[in-house]
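Mapping to our numbering: the sequence shown position 224 is 225, numbers consecutive.
Below: one structure, written as structure tokens.
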Amino acid sequence: MNFLRKKREPAQKKTAKTAKTTRTLQSKMTYFQIKKHIKEALLPVCGEYASYEAEKIVCHIFGLDKRTLTLISHEEAPDKTEETENTVARRKNGEPLAYILGNTDFFSLNFLVSPACLTPRADTEVIVERALEFLGEKRANVLDICTGSGCIALAIAANSHAKVRALDISEEALDIAKKNAVRLSLSDKVTLEYCDALSEDFAKECEKYDLIVSNPPYIPTKDIAALSEEVRREPFGALDGGEDGLVFYKRFIEVLPAKLNTDGIIIFEIGYDQEEAIRALCENAGLYCEIFRDYGGNVRGALIKIDQNEYK
Numbered sequence: 002m003n004f005l006r007k008k009r010e011p012a013q014k015k016t017a018k019t020a021k022t023t024r025t026l027q028s029k030m031t032y033f034q035i036k037k038h039i040k041e042a043l044l045p046v047c048g049e050y051a052s053y054e055a056e057k058i059v060c061h062i063f064g065l066d067k068r069t070l071t072l073i074s075h076e077e078a079p080d081k082t083e084e085t086e087n088t089v090a091r092r093k094n095g096e097p098l099a100y101i102l103g104n105t106d107f108f109s110l111n112f113l114v115s116p117a118c119l120t121p122r123a124d125t126e127v128i129v130e131r132a133l134e135f136l137g138e139k140r141a142n143v144l145d146i147c148t149g150s151g152c153i154a155l156a157i158a159a160n161s162h163a164k165v166r167a168l169d170i171s172e173e174a175l176d177i178a179k180k181n182a183v184r185l186s187l188s189d190k191v192t193l194e195y196c197d198a199l200s201e202d203f204a205k206e207c208e209k210y211d212l213i214v215s216n217p218p219y220i221p222t223k224d225i226a227a228l229s230e231e232v233r234r235e236p237f238g239a240l241d242g243g244e245d246g247l248v249f250y251k252r253f254i255e256v257l258p259a260k261l262n263t264d265g266i267i268i269f270e271i272g273y274d275q276e277e278a279i280r281a282l283c284e285n286a287g288l289y290c291e292i293f294r295d296y297g298g299n300v301r302g303a304l305i306k307i308d309q310n311e312y313k
């Protein structure tokens with residue numbers, strides 16, 4: 002969501018004009034007018050997503066769902082000017098919308114989130130889709146490493162017969178994941194544990210899995226400072242993939258194949274520019290690797306297995 006200066010100026014002028022107009026309407030505005038005001042205020046920050054985010058903010062502040070908001074959009078709203086302006090200011094300051102709202106949607110499920118965990122993103126849903134495609138109707142044993150909010154583990158559990166063990170090194174993130182498991186009534190299908198997946202203790206574990214999934218940190222350390230303000234608000238530990246962004250992949254490709262059952266597979270989320278590096282790591286380890294893309298056409302994941310024959 003990068004904008005050229007020449008395209009930002011009109012939006013800013015329009016926003017200023019709107020703010021002046023709404024000052025006389027603050028206590029007597031319809032939901033539609035409030036949404037319009039928020040949208041125009043967020044245009045310089047959110048661009049094409051401003052309307053979507055404005056709707057989410059209105060629903061959050063007034064305790065509405067999308068359908069109800071549509072039905073009553075031209076009714077006068079209660080006066081929540083201060084809360085509305087504070088929320089808009091936080092968003093314009095670069096705070097992720099999910100952190101402001103305290104929740105976000107992923108794979109048709111709603112997840113609690115906090116600054117302790119990475120925000121679930123729609124692009125990651127393709128990782129879940131590939132996992133479910135592999136699992137089918139199997140009563141499989143699944144491992145999710147670097148689970149964060151638990152979004153991948155819980156989405157898999159909610160849509161399959163699998164039992165999932167989900168690991169993270171952050172106790173704070175695990176607290177959020179455990180709350181999500183309870184909210185989604187999936188505590189009986191997902192076990193959440195503290196674990197350093199780079200440790201020797203984890204490498205020595207003997208349990209086997211049909212599927213191992215992971216969305217590990219994969220941003221090179223030197224690149225983090227150049228990320229958007231919004232992304233830099235997320236946990237450093239959930240972003241930092243070491244000097245080359247490959248620390249986790251190198252270790253996982255070394256130790257995870259031994260944890261697979263016969264015909265088991267590994268699915269990683271990877272960076273858009275890491276295809277060549279991941280292929281090389283797999284080739285050097287004698288592993289089959291299929292790279293796949295998200296719906297935006299960007300490299301998003303790697304499917305890895307021990308058998309060199311093409312995955313079907």
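In this text, a Cβ means the ideal position worked out from N, Cα and C, and glycines have one as well.
Backbone secondary structure at residue i - three-state DSSP
{"i": "residue 215", "result": "strand"}
{"i": "residue 264", "result": "strand"}
{"i": "residue 156", "result": "helix"}
{"i": "residue 306", "result": "strand"}
{"i": "residue 241", "result": "strand"}
{"i": "residue 235", "result": "coil"}
{"i": "residue 289", "result": "strand"}
{"i": "residue 271", "result": "coil"}
{"i": "residue 251", "result": "helix"}
{"i": "residue 295", "result": "coil"}
{"i": "residue 300", "result": "strand"}
Own chain residues within Cβ distance below 8 Å of residue i, not counting five before or after
{"i": "residue 237", "result": "225"}
{"i": "residue 26", "result": "Bear in mind that the predicted position of residue 26 carries a pLDDT of just 37, short of 50, making it unreliable; the figure below should be weighed with that in mind. Cβ neighbours of residue 26 beyond the five flanking positions: 34."}
{"i": "residue 56", "result": "36, 67 and 70"}
{"i": "residue 308", "result": "264 and 289"}
{"i": "residue 199", "result": "248, 249 and 252"}
{"i": "residue 241", "result": "218, 220, 222 and 225"}
Other residues of its chain near residue i: CB distance less than 7 Å, five sequence neighbours each side excluded
{"i": "residue 156", "result": "107, 108, 110 and 129"}
{"i": "residue 141", "result": "163, 211 and 212"}
{"i": "residue 172", "result": "195"}
{"i": "residue 112", "result": "104, 105, 121, 150, 152 and 181"}
{"i": "residue 95", "result": "230, 231 and 234"}
{"i": "residue 304", "result": "131, 266, 268, 291, 293 and 312"}
{"i": "residue 278", "result": "247"}
{"i": "residue 276", "result": "292 and 300"}
Segment limits, beta strand (DSSP E) that includes residue i
{"i": "residue 167", "result": "164-169"}
Chain C within 8 Å of residue i, Cβ atoms only
{"i": "residue 97", "result": "The chain inventory of the structure shown lacks chain C, comprising one protein chain alone."}
Counted within 10 angstroms of its Cβ, other Cβ atoms place residue i as buried (16 or more) or exposed
{"i": "residue 187", "result": "buried"}
{"i": "residue 75", "result": "exposed"}
{"i": "residue 195", "result": "exposed"}
{"i": "residue 183", "result": "exposed"}
{"i": "residue 32", "result": "buried"}
{"i": "residue 297", "result": "exposed"}
{"i": "residue 117", "result": "buried"}
{"i": "residue 145", "result": "buried"}
{"i": "residue 263", "result": "exposed"}
{"i": "residue 282", "result": "buried"}
{"i": "residue 215", "result": "buried"}
{"i": "residue 299", "result": "exposed"}
{"i": "residue 47", "result": "buried"}
{"i": "residue 100", "result": "buried"}
{"i": "residue 193", "result": "buried"}
{"i": "residue 139", "result": "exposed"}
Residue i, enclosing alpha helix (DSSP H) - first and last residue
{"i": "residue 32", "result": "32-47"}
{"i": "residue 58", "result": "51-63"}
Cβ-heavy atom distance, residue i to the ligand ZN, below 7 Å
{"i": "residue 162", "result": "Only the bare structure without any ligand can be found here, which leaves the ligand ZN out of the picture."}
Own chain partners of residue i with C-beta closer than 6 Å, once the 5 adjacent residues on each side are dropped
{"i": "residue 256", "result": "204"}
{"i": "residue 119", "result": "149, 235 and 239"}
{"i": "residue 1", "result": "Any answer about residue 1 is impossible in this case: the structure gives the chain only from 2 up to 313."}
Notebook entry, point to check: Considering only residues of the segment 69-156, which uninterrupted beta strand (DSSP E) runs meet the minimum length of 3 residues and lie entirely inside it, listed in chain order?
Noted result: 104-107, 110-113 and 142-146
Item checked: Unbroken stretches of the beta strand (DSSP E), 3 residues or longer, contained in the segment 165-210 -> 191-195
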